[in-house]
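The structure appears right after this line, and notes come after that.
There are 2 protein chains.
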Amino acid sequence: MSSLLVVGSLAFDSGQTPYGKAEGILGGSASFFSVTASYFAPVRVVGVVGEDFDTEHLQVFTSGSIDVEGLEQAPGRTFRWRGEYDGDMSEAQTLETQLNVFEHFAPKVPSSYLDSQFVFLGNIDPPLQLHVREQLPKAKLVACDTMNYWINRKPEELRTTLAAVDLVVINEVEARMLSGTENLRRAARAIQDLGPRIVVIKRGEYGACLFKDSTIFFAPGYPLEQVHDPTGAGDSFAGGFMGHLARSADLSEGSLRRALVYGSVMASFAVEEFGLGRLLRLAPEEIEARFSEFKSMAHFDV
Amino acid sequence: MSSLLVVGSLAFDSGQTPYGKAEGILGGSASFFSVTASYFAPVRVVGVVGEDFDTEHLQVFTSGSIDVEGLEQAPGRTFRWRGEYDGDMSEAQTLETQLNVFEHFAPKVPSSYLDSQFVFLGNIDPPLQLHVREQLPKAKLVACDTMNYWINRKPEELRTTLAAVDLVVINEVEARMLSGTENLRRAARAIQDLGPRIVVIKRGEYGACLFKDSTIFFAPGYPLEQVHDPTGAGDSFAGGFMGHLARSADLSEGSLRRALVYGSVMASFAVEEFGLGRLLRLAPEEIEARFSEFKSMAHFDV
Numbered sequence: 013m014s015s016l017l018v019v020g021s022l023a024f025d026s027g028q029t030p031y032g033k034a035e036g037i038l039g040g041s042a043s044f045f046s047v048t049a050s051y052f053a054p055v056r057v058v059g060v061v062g063e064d065f066d067t068e069h070l071q072v073f074t075s076g077s078i079d080v081e082g083l084e085q086a087p088g089r090t091f092r093w094r095g096e097y098d099g100d101m102s103e104a105q106t107l108e109t110q111l112n113v114f115e116h117f118a119p120k121v122p123s124s125y126l127d128s129q130f131v132f133l134g135n136i137d138p139p140l141q142l143h144v145r146e147q148l149p150k151a152k153l154v155a156c157d158t159m160n161y162w163i164n165r166k167p168e169e170l171r172t173t174l175a176a177v178d179l180v181v182i183n184e185v186e187a188r189m190l191s192g193t194e195n196l197r198r199a200a201r202a203i204q205d206l207g208p209r210i211v212v213i214k215r216g217e218y219g220a221c222l223f224k225d226s227t228i229f230f231a232p233g234y235p236l237e238q239v240h241d242p243t244g245a246g247d248s249f250a251g252g253f254m255g256h257l258a259r260s261a262d263l264s265e266g267s268l269r270r271a272l273v274y275g276s277v278m279a280s281f282a283v284e285e286f287g288l289g290r291l292l293r294l295a296p297e298e299i300e301a302r303f304s305e306f307k308s309m310a311h312f313d314v
Numbered sequence: 013m014s015s016l017l018v019v020g021s022l023a024f025d026s027g028q029t030p031y032g033k034a035e036g037i038l039g040g041s042a043s044f045f046s047v048t049a050s051y052f053a054p055v056r057v058v059g060v061v062g063e064d065f066d067t068e069h070l071q072v073f074t075s076g077s078i079d080v081e082g083l084e085q086a087p088g089r090t091f092r093w094r095g096e097y098d099g100d101m102s103e104a105q106t107l108e109t110q111l112n113v114f115e116h117f118a119p120k121v122p123s124s125y126l127d128s129q130f131v132f133l134g135n136i137d138p139p140l141q142l143h144v145r146e147q148l149p150k151a152k153l154v155a156c157d158t159m160n161y162w163i164n165r166k167p168e169e170l171r172t173t174l175a176a177v178d179l180v181v182i183n184e185v186e187a188r189m190l191s192g193t194e195n196l197r198r199a200a201r202a203i204q205d206l207g208p209r210i211v212v213i214k215r216g217e218y219g220a221c222l223f224k225d226s227t228i229f230f231a232p233g234y235p236l237e238q239v240h241d242p243t244g245a246g247d248s249f250a251g252g253f254m255g256h257l258a259r260s261a262d263l264s265e266g267s268l269r270r271a272l273v274y275g276s277v278m279a280s281f282a283v284e285e286f287g288l289g290r291l292l293r294l295a296p297e298e299i300e301a302r303f304s305e306f307k308s309m310a311h312f313d314v
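Protein sequences appear in the order of chains A and B.
The first sequence begins at 13 in the numbering used here and counts up by one.
The second sequence begins at 13 in the numbering used here and counts up by one.
Quick look at the structure:
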């Protein structure tokens, strides 16, 4: 089992969906990722929180055996996000963002983290992603996420980061935006040309797909009867995906396929409840049972 | 191998997509279905054409060993459709419909067709679908298609038809419209409650899925680099799906899964060129090779 490092945001989220609302609950890319990935492998977090981040919040990490040495507490308040989802909940409307301590975040990788073999650069400013990546030259696999905000505002910096990673996890709309092409297959190839040899595209309820060399692999979306809150689905997907790779320490094509399915499994749990709710009380058997369900939903010629 | 009957439209289509245009080419649900399905099993067509439907058009059917005894030639012109696709080509804009001989179409099932075991009721007026269905009480599997036009204008008649069939093939938007629910899984169940025990939902570039009892099976969409013309994709899907079932005469779950994949295979060929172009020059090996590609794109744990 290899260790897995994540850098990303820790936040207090307030959100509303057609199925309810939540006020100031723990969220952020590093939170969703690390809680999810910790079911698979030891996780190390790099991030920043404010003075309002108390013991109760910290316990979410420490009780899950997540290494928080890289979690800096800075003067001020924790990053806050407020948003809502309407209709089919395919896209969040951001109502308010308070960067707070995140504004001057300069990620520091503790020396005890330097041997991390699997690295996930969550969706933060591309130069910060690059800064972390450069401190981990020994990593076996470095993956990053990004979003429309950076694609539009820091295209050059984002390209520099992409050129330095092995894998990108990106949603479909953003893959089209980044590549400038509508066609999925050509969009993936255009992104591979920017650096990452593996491209993972998240397609919301339609599942996810993986492009590597000439291989294309699709996992369906899990057909939930009700999605309560899509917040964190993408980072939980990444947590399952990278978690499986770190646990298996196997980068073969078969392992990458299974990683895509574990990512889909964890995303499907994430959206069942608000915030980290469902993810904090999963049994390993539940994860494996849903993995098997994916097999029964996707395999034919049986 | 069992015989397969289709009732539907035969048309002259004129269309435009971002990749080209065509004027007055042979189309219609029965044409796409029967040409596609004829790669799998003997096909019998029930439909109507006008006096402008000449030997050259008829040869498209007869050279593919399609039985045209049920193809009536009526005074007047053949049904004509004009439409266009923009952007991602997910939906056609109908610019003009000339019903012509189709206006007074009263489908007649020749006595030689009465032993048909597999039946596809193409997207026509629901009472006509029912009329054909009732003449084929011995059929092993009766499937139907429908569209928003009938869902909105003949909801009661459509329900009566749905109550008399075993399987419905419907696109995702229409499944939501018919069921009155956004959620895919609940939409499928609501449609099953109307009668068809098997529900097949087409999701365009996102593939297709099948619901039967508690089974859910997903096939991905084939990742083409370029879609030239989506016209007929749905009927070609149905042709591959029903064609496989008629060829195998096997309604087991495994066979239904393979049918969904053969449907996806044939739809992917249909959209590669305008009209019936690509479908008229397929080699059986090409069909099998693409079937294998679907397996390599969807299977994991390998």
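We put the CB at the ideal spot given by N, CA and C, even for glycine.
Note that the structure is a prediction, hence the values are computed from the model and not measured.
query                                                                                                                                                          : result
Quick check on Ile228(B) - is its C-beta less than 8 Å from some C-beta in chain A?                                                                            : yes
Closest Cβ-Cβ distance between Glu194(B) and chain A: below 8 Å?                                                                                               : yes
Below 8 Å on C-beta distance, what does Val55(A) contact in chain B?                                                                                           : Neighbours of Val55(A) on chain B: none; closest Cβ ~24 Å, over 8 Å.
What span of residues does the beta strand (DSSP E) with Phe45(B) cover, start to end?                                                                         : Per DSSP, Phe45(B) belongs to no beta strand (DSSP E); it is in the alpha helix (DSSP H), Ser41 to Ala49.
Taking the alpha-carbon positions, what's the Arg197(B) to His116(B) distance?                                                                                 : 38 Å
Could you compute how far the alpha carbon of Leu268(A) sits from the alpha carbon of Val58(B)?                                                                : 49 Å
Please state whether DSSP places Arg89(B) in a helix, a strand or coil.                                                                                        : coil
Are the beta-carbon atoms belonging to Pro242(A) and Val283(A) less than 8 Å from one another?                                                                 : yes
Going by DSSP, what residue range makes up the alpha helix (DSSP H) through Glu108(A)?                                                                         : Here Glu108(A) belongs to no alpha helix (DSSP H); instead the beta strand (DSSP E) covers Ala104 to Gln110.
Between Glu305(A) and the rest of its own chain, which residues show a CB-CB distance below 8 Å, the 5 nearest in sequence each way excluded?                  : Tyr234
Applying the 10 Å Cβ sphere with the 16-neighbour rule, what's the burial state of Arg92(B)?                                                                   : buried
Helix, strand or coil for Ser26(A)? Go by DSSP, reduced to three states.                                                                                       : strand
Spatial neighbours of Val211(B) within its chain, please: C-beta separation below 8 Å, excluding the five flanking residues on both sides.                     : Leu179, Val180, Ile182, Ala187, Ala200, Ile203, Gln204, Leu222, Phe223 and Lys224
Quick check: the segment 100-108 of chain A against the segment 73-87 of chain A, are at least 3 beta-carbon pairs closer than 8 Å?                            : no
In chain A, what lies closer than 7 Å to Lys224(B) by C-beta?                                                                                                  : Going along chain A, no residue has its Cβ under 7 Å from Lys224(B), so there is no contact; the nearest lies around 12 Å.
Within the continuous beta strand (DSSP E) that includes Ile182(A), where are the two ends?                                                                    : Leu179 to Asn183
Tell me which residues share the same chain as Ser43(B) and place their Cβ nearer than 7 Å to its Cβ, disregarding the 5 neighbours each side in the sequence. : Leu22 and Leu288
Have a look at the DSSP bridge pairing and note the partners of Val80(B).                                                                                      : Val80(B) is not bridged to any residue.
Runs of 4 residues minimum, wholly inside the segment 130-187 of chain A: which ones carry the alpha helix (DSSP H) assignment?                                : 138-146, 160-165 and 167-174
Is the Cβ-Cβ distance between Ala49(A) and Gly251(A) less than 8 Å?                                                                                            : yes
Tell me, to the nearest whole angstrom, how far the beta carbon of Asn195(B) is from that of Glu194(A); I am working on the premise that it is less than 8 Å.  : Contact doesn't hold; Cβ gap of about 27 Å is too wide.
With which residues is Lys6(B) paired in a DSSP beta bridge?                                                                                                   : The structure shown does not extend to residue 6(B), since chain B spans only 13 to 314, so no value can be given for it.
Is any beta-carbon of chain B found at less than 8 Å from that of His311(A)?                                                                                   : yes
Output yes or no for whether 8 Å exceeds the beta carbon distance between Val19(B) and Gly134(B).                                                              : yes
By alpha-carbon positions, which one of Ile78(B), Asp25(B) and Phe132(B) ends up nearest to Thr106(B)?                                                         : Asp25(B)
Within its chain, find whatever has a CB closer than 6 Å to the CB of Trp162(B); leave out the 5 residues flanking it on each side and keep chain order.       : Pro138 and Leu170
Which same chain residues, not among the five before or five after Ala175(A), have their C-beta less than 8 Å away from its C-beta?                            : Leu206 and Gly207
Around the C-beta of Gln141(A), are 16 or more other C-beta atoms found within 10 angstroms, so that it is buried, or is it exposed?                           : buried
Considering just the uninterrupted stretch of the alpha helix (DSSP H) at Thr67(B), what are its terminal residues?                                            : Thr67 to Thr74
From the beta carbon of Lys166(A), is the nearest beta carbon of chain B less than 8 Å away?                                                                   : no
What separation, rounded to the nearest whole angstrom, lies between the Cα atoms of Ile136(A) and Thr158(A)?                                                  : 7 Å
Between the beta-carbon of Tyr51(A) and the beta-carbon of Leu294(A), is there less than 8 Å?                                                                  : yes
Comparing the C-beta of Tyr218(B) with each C-beta of chain A, is any distance below 8 Å?                                                                      : yes
What does the alpha-carbon distance come out to for the pair Ile228(B) and His143(B)?                                                                          : 31 Å
Looking at the C-beta of Arg302(A), does it have a partner C-beta in chain B at a distance below 8 Å?                                                          : no
Using a beta-carbon distance below 8 Å, is Glu237(A) in contact with chain B?                                                                                  : yes
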